[in-house]
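Those letters in the sequence shown? Residues 19 to 424, per the numbering used here, in order. By construction, the Cβ of each residue, glycine as well, lies at the ideal position given by its N, Cα and C atoms. Being a predicted model, the structure only gives us computed values, none of them experimental. Contents: one structure, followed by commentary.
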Amino acid sequence: FHLKYNVTADTNFTFMQNTSANQFEYGLFADTTNFKNVQYTIGVYDATNYQYEGNINFRNITSCLNTLVTDSIMNNGNRIAYVQTAAAINGKTYELDINIIQDSAGYFYTLETTGNGIFDAWDFEYLPISQLPSSLASIPRMTYYKEPDIQQTICTSFQCSDNVIVVANYTERTGFTTFNGVFCPKPGPYDTLSNDCSSGPTRDGRIKPDIAATGNNIVAPGALWACKDQAINYPNDCNSSQDTMYMVFSGTSSASPAAAGVAVLYLQKNPTATNLQIKQAITGCTTKDNYTGNNLPNNNWGYGKLDGFGALTCNMLSTKIHQLKNEDVNVYPNPTTRMLNIECSMLNEDNVQYAIYDVLGNLIKNSTFQIKNLITLDVSGLQSGIYFLSLKTYKNSYTQKFVMQH
Numbered sequence: 019f020h021l022k023y024n025v026t027a028d029t030n031f032t033f034m035q036n037t038s039a040n041q042f043e044y045g046l047f048a049d050t051t052n053f054k055n056v057q058y059t060i061g062v063y064d065a066t067n068y069q070y071e072g073n074i075n076f077r078n079i080t081s082c083l084n085t086l087v088t089d090s091i092m093n094n095g096n097r098i099a100y101v102q103t104a105a106a107i108n109g110k111t112y113e114l115d116i117n118i119i120q121d122s123a124g125y126f127y128t129l130e131t132t133g134n135g136i137f138d139a140w141d142f143e144y145l146p147i148s149q150l151p152s153s154l155a156s157i158p159r160m161t162y163y164k165e166p167d168i169q170q171t172i173c174t175s176f177q178c179s180d181n182v183i184v185v186a187n188y189t190e191r192t193g194f195t196t197f198n199g200v201f202c203p204k205p206g207p208y209d210t211l212s213n214d215c216s217s218g219p220t221r222d223g224r225i226k227p228d229i230a231a232t233g234n235n236i237v238a239p240g241a242l243w244a245c246k247d248q249a250i251n252y253p254n255d256c257n258s259s260q261d262t263m264y265m266v267f268s269g270t271s272s273a274s275p276a277a278a279g280v281a282v283l284y285l286q287k288n289p290t291a292t293n294l295q296i297k298q299a300i301t302g303c304t305t306k307d308n309y310t311g312n313n314l315p316n317n318n319w320g321y322g323k324l325d326g327f328g329a330l331t332c333n334m335l336s337t338k339i340h341q342l343k344n345e346d347v348n349v350y351p352n353p354t355t356r357m358l359n360i361e362c363s364m365l366n367e368d369n370v371q372y373a374i375y376d377v378l379g380n381l382i383k384n385s386t387f388q389i390k391n392l393i394t395l396d397v398s399g400l401q402s403g404i405y406f407l408s409l410k411t412y413k414n415s416y417t418q419k420f421v422m423q424h
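And the structure:
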C-alpha cells in the first residue's frame with residue numbers, strides 16, 4: 019500500500035495492523051523542504067473497543083536524525099509495544115524508518131501527522147477503509163482518516179534512477195512439458211501484467227517502469243539438485259522440465275534478465291554504446307498490442323513490451339546504416355488498392371523489419387518478414403491517403419512514399 023497526502027493543521031491519521039507477526043516496519047520519504055514543518059507520532063487503538071491508548075508524542079523528524087530512538091507505548095502500566103524510529107538525509111530527501119515491536123497483535127497502530135507538508139510512505143500494513151471494521155465509521159475522528167492506495171507502488175531506491183532500466187513483469191507461456199511427458203498448463207491471464215508487478219510513477223512523478231518483459235511461467239536452467247528433487251518428491255507440481263534440468267520461475271526477477279540479455283546483445287553489436295543509448299534502443303523499439311494499448315509510455319507497461327529484435331535493429335544509435343536509394347528497391351504498384359510488392363536484392367539478411375506511417379508520423383502497422391526475392395504486403399486495411407513504408411535490417415534501411423486508393 020502507498021500512502022500520500024498533504025499534511026494540514028488537523029491531525030490526520032492512517033491505521034496499520036499486523037496480526038501474523040510481533041514486528042513490522044515501514045518507510046516514509048519526503049523532500050526535506052516538504053517535511054521540515056511536519057510533526058508526526060505513532061499511536062495505538064484497542065482493536066476491540068477502538069479506544070485510543072496513547073502515542074509516542076508528536077515530534078519533528080530531526081529528533082531521530084542519524085540516531086535510533088526507542089519509545090514504549092504503555093497502557094495502565096503495561097507495555098503495548100516498542101516503537102523504534104531512525105531518520106536519514108539522502109541528498110535532499112528525508113527517509114524515516116519506523117519499526118514496531120508489539121507485545122500483542124490485538125491493536126491498530128496509527129501514523130498521525132500535523133503541520134504543513136507532504137510525504138510518501140509504503141507498507142503492507144496500511145489499512146484501506148474496506149478492510150476496517152464497519153463500527154469504526156462511528157468514531158468522530160474518522161473524518162481525518164487518510165486512506166492508502168495501490169496505484170503507486172514503486173518505492174524509492176535505485177529502481178527510480180533514470181540510469182536504470184526498470185522491468186515490469188507479464189505472463190506469456192501457457193504451459194510446458196514436464197519430466198513425465200505431460201503438458202502442464204500454467205495460470206494466466208496471458209500477455210497481461212502480473213499481479214505482483216509494481217506500478218509508478220516515482221515519488222517525484224517520473225514514469226516507471228521503463229519496459230515490460232515476460233517473467234511469469236518462464237522456463238530457465240535450474241540447480242540440478244533442485245530440479246531432481248522436484249521430479250522425485252513433487253511429481254505433480256509441474257515445476258521440473260522433461261529432462262529435469264530446467265524449472266519454472268515467475269516474477270520480476272525473471273523478467274529483468276530478459277532485458278539484461280538484450281542489453282548484452284546490443285553491446286556485442288555496439289561495443290562503445292553508452293548506457294543511455296542502450297536504454298533508448300530498448301525503450302524506443304517496443305511491442306505494443308491490445309494489452310499495452312497505444313497510450314504509451316505509462317506507469318504500468320512503461321514504453322511497452324520488450325522487443326529484442328527491435329532494440330537491435332530499429333534504433334541504430336551507434337551503427338552505421340546504409341541508406342538504400344530508390345534504384346536499389348522496387349515498391350509497386352504505387353498507387354495501390356490492396357497489395358504492395360517489394361523487390362530488393364540488397365536486403366540480403368535474415369529478417370527485414372517494416373513499418374508503415376501516415377503523413378503525421380503515426381505508426382499504423384509494423385512487423386517483420388523473412389528475406390525472399392519478392393515480398394508482398396497486404397495493405398488493404400488502410401484508408402485512402404499518403405503513407406510511408408520504412409524498411410530496416412541490420413545494415414540497410416529504406417523509406418518509400420506510397421499512395422493508397424479505394
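{"Asked": "Residue 370 beta carbon less than 7 Å from that of residue 409", "Found": "yes"}
{"Asked": "Cβ-based burial, residue 92 [other Cβ within 10 Å; buried from 16]", "Found": "exposed"}
{"Asked": "Residue 37 versus residue 197: straight-line alpha-carbon distance, rounded", "Found": "41 Å"}
{"Asked": "Spatial neighbours of residue 203 in its chain, beta-carbon cut-off 7 Å, leaving aside the 5 residues before and after", "Found": "192, 193"}
{"Asked": "Reduced DSSP secondary structure (H/G/I, E/B, other) of residue 197", "Found": "coil"}
{"Asked": "3-residue-minimum beta strand (DSSP E) runs that sit fully inside the segment 260 to 333, ordered along the chain", "Found": "264 to 267"}
{"Asked": "Enclosing beta strand (DSSP E) for residue 42 [first to last residue]", "Found": "41 to 49"}
{"Asked": "Whole-Å CB distance - residue 323 paired with residue 230, under 8 Å assumed", "Found": "5 Å"}
{"Asked": "In chain order, each beta strand (DSSP E) run of at least 3 residues that lies wholly inside the segment 151 to 203", "Found": "185 to 189, 193 to 195, 201 to 203"}
{"Asked": "Identity of the residues DSSP links to residue 236 by a beta bridge", "Found": "267"}
{"Asked": "Which of helix, strand or coil DSSP assigns to residue 79", "Found": "helix"}
{"Asked": "Whole-number beta carbon distance between residue 111 and residue 47, since they are thought to touch under 8 Å", "Found": "6 Å"}
{"Asked": "Nearest residue (CA-CA) to residue 53, options 83, 272, 33", "Found": "83"}
{"Asked": "Classification of residue 167 by the beta-carbon crowding that lies within 10 angstroms, buried from 16 upward", "Found": "exposed"}
{"Asked": "Where residue 145 sits in the DSSP three-state scheme", "Found": "coil"}
{"Asked": "For residue 319 and residue 285, the rounded distance between their alpha carbons", "Found": "24 Å"}
{"Asked": "Residue interval of the beta strand (DSSP E) (run including residue 73)", "Found": "70 to 73"}
{"Asked": "Of the listed residues 211, 124, 89, 149, nearest to residue 190 (C-alpha basis)", "Found": "211"}
{"Asked": "Proximity below 7 Å, CB of residue 164 to CB of residue 32", "Found": "yes"}
{"Asked": "Supposed contact pair residue 73 and residue 59 - C-beta distance, whole angstroms, cut 8 Å", "Found": "4 Å"}
{"Asked": "Proximity to residue 21 [Cα-Cα], best of 399, 139, 178", "Found": "139"}
{"Asked": "Of the residues 394, 357, 404, the one placed nearest residue 380, counting alpha carbons only", "Found": "404"}
{"Asked": "Given residue 303 as reference, the closest of 278, 314, 329 once Cα atoms are compared", "Found": "329"}
{"Asked": "Euclidean distance between Cα positions of residue 71 and residue 151", "Found": "18 Å"}
{"Asked": "Cβ-Cβ separation, residue 248 to residue 195 (assumed contact under 8 Å), whole Å", "Found": "About 14 Å; that fails the 8 Å criterion."}
{"Asked": "Residue burial classification, residue 143 (beta-carbon count within 10 angstroms, cutoff 16)", "Found": "buried"}
{"Asked": "Buried versus exposed call for residue 130 [16 or more other C-beta atoms within 10 Å across all chains shown]", "Found": "buried"}
{"Asked": "Residue nearest to residue 361 in terms of C-alpha spacing, selected from 392, 385, 233, 382", "Found": "392"}
{"Asked": "Contact between the segment 292 to 310 and the segment 151 to 161 (3+ Cβ pairs under 8 Å)", "Found": "no"}
{"Asked": "Residue 256 versus residue 173: straight-line alpha-carbon distance, rounded", "Found": "34 Å"}
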